[in-house]
Amino acid sequence: MTTQTPEQVDTLPASWYCDPARWPLERAEIFAPSWQLIGHESEMARPGAWIADTIAGYPLLVVRSETGALNGFHNVCRHRAGPIATTRTGQCDGALVCAYHGWRYALDGRLREARDFGAAPGFDPRAFALFPVRVATWRGLVFVCQSPDAAPLADWLAPLDARLGDADWTNLRVALSRTHDLACNWKTYAENYLEGYHVPLIHPGLDAEIESDRYVVTMDGRIAFHDAPRRTPDAIYDGLWAWAWPNLGVNVYRRGLMMERISPMGPHATRLDYLYLTPDGEDVPAETLAMSDQVTAEDKAIVESVQINLAAGLYERGRLSPRHEGGVRAFQGFVAAALGGAG
Ligand code: FES
Ligand SMILES: [Fe+2]
3 MTTQTPEQVD TLPASWYCDP ARWPLERAEI FAPSWQLIGH ESEMARPGAW IADTIAGYPL
63 LVVRSETGAL NGFHNVCRHR AGPIATTRTG QCDGALVCAY HGWRYALDGR LREARDFGAA
123 PGFDPRAFAL FPVRVATWRG LVFVCQSPDA APLADWLAPL DARLGDADWT NLRVALSRTH
183 DLACNWKTYA ENYLEGYHVP LIHPGLDAEI ESDRYVVTMD GRIAFHDAPR RTPDAIYDGL
243 WAWAWPNLGV NVYRRGLMME RISPMGPHAT RLDYLYLTPD GEDVPAETLA MSDQVTAEDK
303 AIVESVQINL AAGLYERGRL SPRHEGGVRA FQGFVAAALG GAG
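If you're matching positions, the sequence shown starts at 3 in this note's numbering and goes up one per residue.
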């Protein structure tokens, strides 16, 4: 790696966005030890209600216990790796039952019954509890983390919490969830999310609402804040845009917000999971959805083109703008640090 001054910062090598061998490293070193948004508390109001999702290839499950606590587990049966929950949300009746052969687990993960297992000398059900993961909530949002050593979620999101101040999210409910599939590496999209440099060329509709030449991205710890003056007082994007390491976008609107999880599906595939939350779950305004769809389609087109070019074998490294791409630079630093600078 060449010596870099603050003014001269190279991008990461193109191979980091293309090499399938990097994928298991990123899963283990970036996604397993980070807090991942899985849903909202209102989606699991009653005991036995669950939310399940596969994030960066890790099947995860959160269930509400009889006492109201949220318990998190790998959504992987200890018998022969069947799935416990087979839908994103659901409600069980006091026990989690594997879909494959029907092993039953208590809501605290203990194996209660290995259905019709037969005589099995030496088989101790106590040794076959579901593998636990950490669960924490923040402003009603439910997060999971597989690392016992990761900092608490509150520390993770502290700069964002400070910026939001006393904004009241207690009446927000999930109004809509949407997914968008992208043919690119997750980092290609994340970096696009972390700069406004491309807005005048890629997003003419958004550019009409904000002063793109005054678009600023500011890092506070591992949170990025986007700020751009609105051209009109009734701009749809009138609120807070932020991003939290490694893969969470936060888009606060005048009424409600949209959480955007950048979900890596493999080395060359990414899914955007959008969770719209509105006061009491009221409908998301049509113009908000239209603008969101338009911006997403525009970003999808450009990041998929960039991905093809990164994989073409011509481009190796580029240069980041100190004025516009400080967020990208920070992100690339976090990635390199997580992977031990492994090139
Ligand atoms: S894999 Fe779960 S009961 Fe067999
Ligand atoms: Fe964009």
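For glycine and all other residues, C-beta sits at the position ideal for the given N, C-alpha and C.
For this session: Can you give me the Cβ contacts of Thr91 inside the same chain, cut-off strictly under 6 Å, excluding the 5 residues immediately before and after it?
Result: Counted from its first residue, the sequence shown places residue 91 at position 89. Around Thr91: Glu45 and Ile53.
Exercise. Thinking just about the alpha-carbon of each residue, which of Asp55, His42 and Gly50 is nearest to the one in Leu143?
Worked result: As a working note, residue 143 is residue 141 in the sequence shown. It is His42 whose Cα lies nearest to the Cα of Leu143.
For this session: For Arg257, I'd like the list of residues in its chain whose CB is within less than 8 Å of its CB, leaving aside the five on either flank, ordered along the chain.
Result: Working through the sequence shown from its first residue, we reach residue 257 at position 255. Only Thr280, Pro281, Glu284 and Pro287 meet the Cβ criterion.
Exercise. Quick one: any contact between the stretch 131–149 and the stretch 102–119, if contact means 3 or more CB pairs under 8 Å?
Worked result: yes
For this session: Within the stretch 182–246, note down every full alpha helix (DSSP H) run reaching 4 residues or more, in order along the chain.
Result: 188–195, 201–204 and 206–209
Problem set entry | Enclosing alpha helix (DSSP H) for Glu306 [first to last residue] | Here residue 306 refers to the residue found at position 304 of the sequence shown. Element bounds for Glu306: Ala288 to Leu312.
Problem set entry | Nearest to Glu197 (by Cα), restricted to the options Gly167, Asp183, Ala164 and Ala244 | Counted from its first residue, the sequence shown places residue 197 at position 195. The shortest C-alpha separation from Glu197 is found at Ala244.
Exercise. Is it buried or exposed for Arg24, if we count other Cβ within 10 angstroms and need 16 for buried?
Worked result: Counting from 1 along the sequence shown, the entry for residue 24 is found at position 22. Arg24 should be labelled buried.
Problem set entry | Residues near Gly104 in its chain [Cβ-Cβ closer than 8 Å; skip 5 each side] | Stepping through the sequence shown from its first residue, residue 104 is reached at position 102. Answer for Gly104: Arg117 and Asp118, listed in chain order.
For this session: Taking only the alpha-carbon atoms, compute the straight-line gap between Glu68 and Gly84 and give it to the nearest angstrom.
Result: Here residue 68 refers to the residue found at position 66 of the sequence shown. Here residue 84 refers to the residue found at position 82 of the sequence shown. The straight-line gap from Cα to Cα measures roughly 24 Å.
Problem set entry | Counted within 10 angstroms of its Cβ, other Cβ atoms place Tyr366 as buried (16 or more) or exposed | Past the boundaries of the shown model lies residue 366; the chain is included only from 3 to 345, so the question cannot be answered.
Exercise. Quick one, are the C-beta atoms of Arg263 and Leu277 less than 9 Å apart?
Worked result: Locating residue 263 in the sequence shown gives position 261, where the first residue counts as 1. Locating residue 277 in the sequence shown gives position 275, where the first residue counts as 1. Yes. Within cutoff.
For this session: Compare the Cα-Cα distances from Thr298 to each of Tyr191, Asn173, Tyr19 and Ala160 and report the closest residue.
Result: Against the sequence shown, residue 298 aligns to sequence position 296. Per the Cα distances, Tyr191.
For this session: With a cut-off of 8 Å on the beta carbons, I'd call Val218 and Ala226 a contact; round off their distance for me.
Result: Counted from its first residue, the sequence shown places residue 218 at position 216. Counted from its first residue, the sequence shown places residue 226 at position 224. No, Val218 and Ala226 are not in contact; Cβ-Cβ is about 10 Å, not under 8 Å.
For this session: Say whether the stretch 328–338 touches the stretch 10–30, bearing in mind that this needs 3 or more beta-carbon pairs closer than 8 Å, one atom from each stretch.
Result: yes
For this session: Count the C-beta pairs between the stretch 25–34 and the stretch 52–66 that are closer than 8 Å, then say yes if the count reaches three, no if not.
Result: yes
For this session: Please check the pair Trp247 and Cys147, which I expect to be a contact at CB under 8 Å, by giving their CB distance rounded to whole angstroms.
Result: If you number the sequence shown from 1, residue 247 lands on position 245. If you number the sequence shown from 1, residue 147 lands on position 145. With a Cβ gap of about 13 Å, Trp247 and Cys147 do not count as contacting.
Problem set entry | Phe133, DSSP secondary structure in three states | As a first step, residue 133 is located in the sequence shown; it is residue number 131 there, counting from the start. Of the three classes helix, strand and coil, the one that applies to Phe133 here is coil, per DSSP.
Exercise. Between Val176 and Gly74, which are expected to be in contact by the criterion C-beta below 8 Å, what is the C-beta distance as a whole number of angstroms?
Worked result: Looking up residue 176 in the sequence shown gives position 174. Looking up residue 74 in the sequence shown gives position 72. Rounded, the Cβ-Cβ distance is 19 Å, inconsistent with contact.
Problem set entry | Cβ-Cβ distance between His270 and Ala303 below 9 Å | On the sequence shown, residue 270 is found 268 positions in, with the first residue counted as 1. On the sequence shown, residue 303 is found 301 positions in, with the first residue counted as 1. The answer is no: Cβ separation not under 9 Å.
For this session: Return the chain-ordered list of same chain residues with a C-beta closer than 7 Å to the C-beta of Thr4, the five sequence neighbours on each side being excluded.
Result: Translated into the one-based positions of the sequence shown, residue 4 becomes position 2. Note that Thr4 scores 45 on pLDDT, short of 50, meaning its location in the model is unreliable and no value can be drawn from it.
For this session: Would you mind reading off the limits of the alpha helix (DSSP H) that contains Trp18?
Result: For the purposes of this step, residue 18 is taken as the residue at position 16 of the sequence shown. Premise fails: Trp18 is in no alpha helix (DSSP H) and is neither H nor E.
For this session: With DSSP as the reference, label Trp25 as helix, strand or coil.
Result: Stepping through the sequence shown from its first residue, residue 25 is reached at position 23. In this structure, Trp25 counts as helix in the three-state DSSP scheme.
For this session: Can you tell me the Cβ-Cβ gap for Ala156 and Trp140, rounded? I've got them flagged as a contact below 8 Å.
Result: Mapped onto the sequence shown, residue 156 falls at position 154. Mapped onto the sequence shown, residue 140 falls at position 138. So it is a contact: roughly 7 Å between Cβ atoms.
For this session: State the Cα-Cα distance for the pair Leu274 and Leu259, rounded to the nearest angstrom.
Result: Against the sequence shown, residue 274 aligns to sequence position 272. Against the sequence shown, residue 259 aligns to sequence position 257. When rounded, the distance between both Cα atoms is 15 Å.
For this session: Measure from the alpha carbon of Gly96 to the alpha carbon of each residue in His76, Ala51, Val135 and Ala87, then state which is nearest.
Result: Here residue 96 refers to the residue found at position 94 when the sequence shown is read from its first residue. Closest option to Gly96, Cα to Cα, is Ala51.
Exercise. Would you say the beta carbon of Tyr60 comes nearer than 8 Å to a heavy atom of ligand 2?
Worked result: For the purposes of this step, residue 60 is taken as residue 58 along the sequence shown, with counting starting at 1. Checking the Cβ of Tyr60 against ligand 2 gives no.
Exercise. Under the criterion of a Cβ to heavy atom distance below 8 Å, does Cys100 qualify as lining ligand 1?
Worked result: Along the sequence shown, read from residue 1 onward, the residue named residue 100 stands at position 98. True, at least one ligand heavy atom lies under 8 Å from that Cβ.
For this session: Taking Val78 as part of the alpha helix (DSSP H), name the residues at either end of that continuous run.
Result: Position 76 of the sequence shown, counted from the start, is the residue given in the question as residue 78. Premise fails: Val78 is in no alpha helix (DSSP H) and is neither H nor E.
Exercise. Exposed or buried, which one is Val26 when buried takes at least 16 other CB atoms within 10 Å?
Worked result: For this step, residue 26 is matched to residue 24 along the sequence shown. A small fix is needed here, since residue 26 is Pro in this sequence, not Val. Pro26 is exposed by the Cβ-count criterion.
Exercise. Within 10 angstroms of its Cβ, does Arg216 collect 16 or more other Cβ (buried), or is it exposed?
Worked result: Start at 1 with the first residue of the sequence shown, and residue 216 comes out as number 214. By the neighbour-count rule (16 or more Cβ atoms within 10 Å), Arg216 is not buried but exposed.
Problem set entry | Beta-carbon contacts of Tyr317 that lie in its chain and below 8 Å, excluding the five residues immediately before and after | Within the sequence shown, the letter at position 315 stands for residue 317. For Tyr317, where only same-chain residues beyond five positions count, the Cβ hits under 8 Å are Ala16 and Asn311.
For this session: Output the distance between the C-alpha atoms of Pro266 and Arg48, rounded to the nearest integer angstrom.
Result: To locate residue 266, count along the sequence shown from 1; it is residue 264. To locate residue 48, count along the sequence shown from 1; it is residue 46. When rounded, the distance between both Cα atoms is 30 Å.
Problem set entry | Straight-line gap, Asp209 to Ser149 (C-alpha atoms, nearest Å) | If you number the sequence shown from 1, residue 209 lands on position 207. If you number the sequence shown from 1, residue 149 lands on position 147. When rounded, the distance between both Cα atoms is 40 Å.
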